[in-house]
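Trainee: Protein chains in written order, with full-length UniProt numbering: chain A, 1 to 265; chain B, 1 to 376. Even for Gly, the Cβ is constructed at its ideal location relative to N, Cα and C. Sending over a structure as structure tokens; questions will come in a sec.
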Amino acid sequence: MRKRTLQRGLTGFWWLTVAFLYLPLVVVVLFSFNASNSAANFTGLSLRWYQRLMGNEEILSAFANSMVLAITSSVIALAIGCLIGYGMYRHRHRKLGWLIVLIYLPIVLPDIVFGISEMAFFVQIHDLTGLLQPGLGTMIIAHVTFQIPFVALIVYSRFVGLDPTLFEAAKDLYATPVKRVVHFMLPTIKPALISAFFLSFTLSVDDFVISFFTSGPESATLPIYIWGAIKKGVSPEINAIAALMIGAVAVAAILSLTFSRRRQA
Amino acid sequence: MSETITADVADQPGATPATAERQQEAATRKASSIEMQGLHKRFGRDTVALDGVDLNIQAGEFFTLLGPSGCGKTTLLRILAGLEEPDAGSLVVGGKNVTEVPPHRRSVNTVFQSYALFPHLSVRENLAFGLKMRGVRAAERDAKVDEIAGFIKLGDLVERRVDQLSGGQRQRIALARALVCEPDVLLLDEPLSALDAGLRSQLQVELLRVQKRLGMTFVFVTHDQQEAMVMSDRIAVLNGGNIQQVGAPREVYERPVNAFVARFMGHDNLYPVTARRGDRLTTALGELTAEEGGAGELLLIRPETLDLLPGTVEGANHLQATVAERLYRGSHAEFRLEIGETTLQATVNNRGRHLPDVGDRVTVVVAPEDLITLSE
């Protein structure tokens with residue numbers, strides 16, 4: 001009997017946790033459909049905030065910035081991280097522990113430290129050379145920097161999971177170095193690459209702190225716009241943006257997960 | 001009985017009619033011979049994998065590299081494949097020096113121990129991989145894959161996914177994937193070691209049949225002396241990076257050149273020769289007469305060449321023994337005999353006659369022509 005009580009208690013706790021995690025999101029999504037101006041009472045369903053959103057130049061440009069930033073940085077991070085991941089795999093037998101720590105460090109470093117360092121660095125370079133004007137360019141560089149370790153680790157773990165003789169089999173079956181990459185390595189790690197891309201994309205869209213420190217006047221992304229707008233109070237429009245972002249990030253995360261689980265492309 | 005055996009062995013070193021015929025066939029198919037000279041390979045500072053290997057493999061031969069793990073047999077195979085570069089020495093395949101040719105430009109294919117089938121490709125794509133890399137057109141690739149699938153009897157396996165295959169099926173796909181490229185030489189790295197005994201002997205027969213029909217040069221690596229004897233035209237026994245002996249299976253088994261080869265081929269009856277007068281050799285077993293005394297310091301007596309007579313029978317090369325242990329194996333029985341302080345193994349075929357029991361006194365008859373001496 002006691003066992004059953006415990007069982008029920010734990011189930012209840014599970015649902016409590018889920019509610020704690022998702023209730024705020026549900027509220028935001030719900031109020032984005034609120035017909036009234038008020039953030040306090042719900043008066044009926046309406047799409048007016050979404051319509052307002054579509055008419056707001058600032059929001060549309062922030063959305064465009066977010067997309068350009070996320071896609072560009074993810075593609076660059078994918079290329080570089082993929083090479084690093086392969087390098088880590090190729091030299092896994094050497095004593096390179098310190099190098100691996102270097103790769104991990106950006107993952108555990110607080111965003112604010114990372115953001116401030118990037119900003120200070122870019123300002124120095126800009127003062128010296130006139131290059132790296134704060135804007136989308138500097139943001140892309142900053143995002144690529146924090147995405148690389150994730151891509152490298154995903155690619156590395158995929159390679160480690162392979163039978164090492166496969167590399168030799170490809171050589172043995174007449175594949176030149178280039179053909180080995182095209183016909184063996186890339187197709188084999190394709191699920192890992194797709195998964196890494198969506199993870200990088202999600203991380204980029206989510207990021208506020210690092211973007212905030214490295215952005216310029218013209219390059220506000222959605223999180224930066226929201227932060228600015230919120231200083232004037234939470235408008236239902238913000239709820240609509242938030243709801244859209246929740247949707248986009250959820251889709252990217254699910255895609256990332258699906259491809260990382262799928263063994264065959 | 002034992003006389004006919006030695007007669008057979010005598011003409012073994014050259015080629016039996018069957019191998020001559022096969023080599024004829026092989027020549028028409030352009031199978032390649034392999035010449036290795038002074039191959040050295042070391043890993044790190046201390047590990048010597050190959051310590052100067054000279055070896056010639058004839059075109060169309062089923063050749064086995066046999067030895068315990070760490071003997072250098074796999075390193076040698078990898079050098080043949082081009083996956084490892086020798087520190088010194090040369091390798092000539094089909095008259096061409098390929099010592100420094102990278103693996104993707106050698107007409108040599110390997111069946112790997114782990115099979116190494118590409119998980120991202122279907123079975124058909126796996127089979128066609130080598131042809132595709134060589135730039136063979138799709139239609140021709142398909143035709144060749146179908147041809148090899150028929151030859152190896154793969155049936156509908158070709159249309160499956162790799163992760164749907166059993167171990168034995170993977171093994172056959174790996175073999176077909178290598179064969180479809182029609183290499184000059186096929187290398188096999190313990191391809192049967194992961195399979196259970198029944199499947200293993202079935203695939204041994206199949207592999208042998210494929211090799212004979214294609215007339216291709218096969219180089220086979222194994223640590224199993226039984227497998228080596230069943231499969232091979234010739235065997236090279238390796239130890240510590242050196243070749244100990246090269247010869248036909250019967251030569252290596254019946255006339256091992258040293259104690260290592262003898263022990264590795266499964267012989268336990270080795271006795272130090274304490275004194276010799278011509279062909280009369282004294283060991284812990286007593287005095288025995290060999291047909292040829294030789295010069296080696298160890299006497300080898302193969303268990304299956306011994307005859308056991310019940311009771312005490314006097315005679316030349318007759319030893320008085322007591323049965324200490326009997327292992328009945330159905331087709332034959334293995335005896336551990338005690339002669340004074342020394343033990344001797346004997347294997348007797350079960351012809352339905354009386355088999356001595358533990359504790360029985362027996363007389364061991366040793367035929368002079370079956371006695372050979374060898375060095376440590």
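1. Taking the continuous beta strand (DSSP E) assigned at Thr-110(B), which residues delimit it?
2. May I ask you to list, following chain order, the residues of the region 141-171 of chain A that have a beta carbon less than 7 Å from some beta carbon of chain B?
3. For the alpha helix (DSSP H) containing Asn-239(A), list its first residue and its last residue.
4. For Glu-254(B), does the three-state DSSP call read helix, strand or coil?
5. Since Ser-204(A) and His-143(A) should fall inside the 8 Å C-beta cutoff, what is the C-beta to C-beta distance between them, to a whole number of angstroms?
6. If you measure beta-carbon to beta-carbon, which residues of the region 131-160 of chain B are closer than 8 Å to chain A?
7. Measure the CB-CB distance between residue 451(B) and Pro-191(B) and report whether it falls below 8 Å.
8. Taking the beta strand (DSSP E) that Arg-39(B) falls in, what are its first and last residues?
9. Measuring CA to CA, which of Thr-176(A), Ile-80(A), Ile-125(A) and Lys-179(A) is closest to Val-155(A)?
10. In angstroms with no decimal places, state the Cα-to-Cα distance between Gly-130(B) and Val-180(B).
11. By the 10 Å Cβ neighbour count, where 16 or more other Cβ atoms means buried, how is His-120(B) classified, buried or exposed?
12. Could you tell me the distance, in whole angstroms, from the CA atom of Leu-23(A) to the CA atom of Gly-85(A)?
13. So which residues of chain A does Thr-110(B) contact, with C-beta pairs closer than 7 Å?
14. Would a check of beta-carbon distances place Phe-129(B) closer than 8 Å to chain A?
15. Helix, strand or coil for His-126(A) per DSSP?
16. Using a threshold of 7 Å, is the CB atom of Phe-62(B) nearer than that to any non-hydrogen atom of the ligand FMN?
17. Any idea what DSSP makes of His-318(B), helix, strand or coil?
18. Please decide whether Ser-260(A) counts as near chain B, where near means a Cβ-Cβ distance under 8 Å.
19. Mind pulling the chain A residues with CB within less than 8 Å of Pro-103(B)?
20. Three-state secondary structure (DSSP) at Phe-218(B)?
21. Kindly list the residues whose CB is nearer than 7 Å to the CB of Ala-346(B), restricted to its own chain and excluding five residues on each side of it in sequence; keep chain order.
22. I'd like to confirm the pairing. Which residues does DSSP put opposite Tyr-328(B) in its beta bridges?
23. For Ser-69(B), name the three-state secondary structure that DSSP assigns.
24. Among the candidates Val-53(B), Phe-260(B) and Val-358(B), whose CA atom is the shortest distance from the CA of Ala-321(B)?
25. For Gln-245(B), report the span of its beta strand (DSSP E) as first-last.
26. Near Thr-28(B), what residues of its chain come up, given a Cβ to Cβ distance below 7 Å and the 5 sequence neighbours on each side ignored?
27. Tell me the residue span of the beta strand (DSSP E) that contains Gly-52(B).
28. Measure from the alpha carbon of Leu-55(B) to the alpha carbon of each residue in Met-133(B), Ile-372(B), Gln-37(B) and Arg-124(B), then state which is nearest.
29. Give a yes or no on whether the minimum CB-CB distance between Ala-265(A) and chain B is below 8 Å.
30. Checking contacts by CB at 8 Å: is Lys-179(A) closer than that to chain B?
31. Where does Ala-26(B) land, buried or exposed, given buried means 16+ other C-beta within 10 angstroms?
32. Under a three-way DSSP split, which group does Val-230(B) fall into?
33. Strictly below 8 Å CB to CB, what residues from chain B border His-93(A)?
34. Does the CB of Thr-138(A) have a neighbour CB from chain B at under 8 Å?
35. Kindly list the residues whose CB is nearer than 7 Å to the CB of Ala-88(B), restricted to its own chain and excluding five residues on each side of it in sequence; keep chain order.
36. Using the rule of at least 16 other Cβ atoms within 10 Å of the residue's Cβ for burial, across every protein chain shown, is Val-251(A) buried or exposed?
Mentor: In short:
1. Numbered from its first residue, the second sequence carries residue 110(B) at position 110. First-last of the beta strand (DSSP E) with Thr-110(B): 108-111.
2. Asp-163, Thr-165, Leu-166, Glu-168, Ala-169 and Lys-171
3. Looking up residue 239(A) in the first sequence gives position 239. Asn-239(A) -> alpha helix (DSSP H) spans 236-261.
4. Walking along the second sequence from the start, residue 254(B) turns up at place 254. Residue state, collapsed to three classes: helix.
5. Residue numbering aside, residue 204(A) sits at position 204 when the first sequence is read from its first letter. Residue numbering aside, residue 143(A) sits at position 143 when the first sequence is read from its first letter. Indeed, because the Cβ distance is near 5 Å, the residues count as touching under 8 Å.
6. Result list: Lys-132, Met-133 and Arg-134.
7. Examination of residue 451(B) is not possible in this model, given that chain B is present from 1 through 376 alone.
8. Numbered from its first residue, the second sequence carries residue 39(B) at position 39. As written in the sequence, residue 39(B) is Leu, which differs from the Arg given in the question. Counting along the chain, the beta strand (DSSP E) containing Leu-39(B) begins and ends at 34-43.
9. Translated into positions along the first sequence, residue 155(A) becomes position 155. Among Thr-176(A), Ile-80(A), Ile-125(A) and Lys-179(A), the Cα nearest to that of Val-155(A) is on Ile-80(A).
10. Mapped onto the second sequence, residue 130(B) falls at position 130. Mapped onto the second sequence, residue 180(B) falls at position 180. Answer to the nearest angstrom: the Cα atoms are 8 Å apart.
11. To locate residue 120(B), count along the second sequence from 1; it is residue 120. His-120(B) should be labelled buried.
12. Translated into positions along the first sequence, residue 23(A) becomes position 23. Translated into positions along the first sequence, residue 85(A) becomes position 85. Just so you know, the alpha carbons of Leu-23(A) and Gly-85(A) end up roughly 38 Å apart.
13. One-based indexing of the second sequence puts residue 110(B) at position 110. Neighbours of Thr-110(B) on chain A, chain order: Asp-172.
14. Within the second sequence, residue 129(B) is the residue found at index 129, counting from 1. So yes, Phe-129(B) belongs to the interface.
15. Here residue 126(A) corresponds to residue number 126 of the first sequence, with the count starting at 1. The answer is helix: DSSP assigns His-126(A) an H, G or I state.
16. No copy of the ligand FMN occurs in the structure displayed, which carries no ligand at all.
17. Reading the second sequence from its first residue, position 318 is the one you call residue 318(B). Strand, per DSSP.
18. The residue labelled residue 260(A) in the question sits at position 260 within the first sequence. So, not an interface residue.
19. Reading the second sequence from its first residue, position 103 is the one you call residue 103(B). Chain A residues near Pro-103(B): Glu-168, Lys-171 and Asp-172.
20. As a position in the second sequence, residue 218(B) is number 218, starting the count at 1. In this structure, Phe-218(B) counts as strand in the three-state DSSP scheme.
21. Taking the first residue of the second sequence as 1, we reach residue 346(B) at position 346. Hits under 7 Å: Pro-303, Leu-306, Leu-308, Phe-335, Leu-337 and Val-364.
22. Numbered from its first residue, the second sequence carries residue 328(B) at position 328. Answer by DSSP bridge pairing, in chain order: Ala-333(B).
23. Translated into positions along the second sequence, residue 69(B) becomes position 69. Of the three classes helix, strand and coil, the one that applies to Ser-69(B) here is coil, per DSSP.
24. Here residue 321(B) is taken as the residue at index 321 of the second sequence, counted from 1. It is Val-358(B) whose Cα lies nearest to the Cα of Ala-321(B).
25. As a working mapping, residue 245(B) is identified with position 245 in the second sequence. It spans 242-247 - the beta strand (DSSP E) in which Gln-245(B) sits, taken as one unbroken run.
26. Against the second sequence, residue 28(B) aligns to sequence position 28. Bear in mind that the predicted position of Thr-28(B) carries a pLDDT of just 47, short of 50, making it too unreliable to give a figure here.
27. In the second sequence, the residue the question calls residue 52(B) occupies position 52. Gly-52(B) -> beta strand (DSSP E) spans 47-57.
28. Counting from one through the second sequence, the residue named residue 55(B) turns up at place 55. For Leu-55(B), the closest C-alpha among the options Met-133(B), Ile-372(B), Gln-37(B) and Arg-124(B) is that of Gln-37(B).
29. Here residue 265(A) refers to the residue found at position 265 of the first sequence. With a pLDDT of only 39 at Ala-265(A), under the threshold of 50, the placement of this residue in the model should not be trusted; the figure read from the coordinates follows. Yes - at least one Cβ of chain B is within 8 Å of the one on Ala-265(A).
30. As a first step, residue 179(A) is located in the first sequence; it is residue number 179 there, counting from the start. Yes, Lys-179(A) counts as interfacial toward chain B.
31. By one-based count along the second sequence, residue 26(B) stands at place 26. Summary for Ala-26(B): the model assigns pLDDT 43, below 50, so the residue's position carries little reliability; its value from the coordinates is reported in the next sentence. By the neighbour-count rule (16 or more Cβ atoms within 10 Å), Ala-26(B) is buried.
32. Counting from one through the second sequence, the residue named residue 230(B) turns up at place 230. Val-230(B): helix per DSSP, three-state reduction.
33. Looking up residue 93(A) in the first sequence gives position 93. Going along chain B, no residue has its Cβ under 8 Å from His-93(A), so there is no contact; the nearest lies around 12 Å.
34. For this step, residue 138(A) is matched to residue 138 along the first sequence. No - not a single Cβ of chain B is within 8 Å of the one on Thr-138(A).
35. Along the second sequence, one-based indexing puts residue 88(B) at 88. Contacts found: Gly-38 and His-40.
36. As a first step, residue 251(A) is located in the first sequence; it is residue number 251 there, counting from the start. Per the 10 Å Cβ criterion, exposed.
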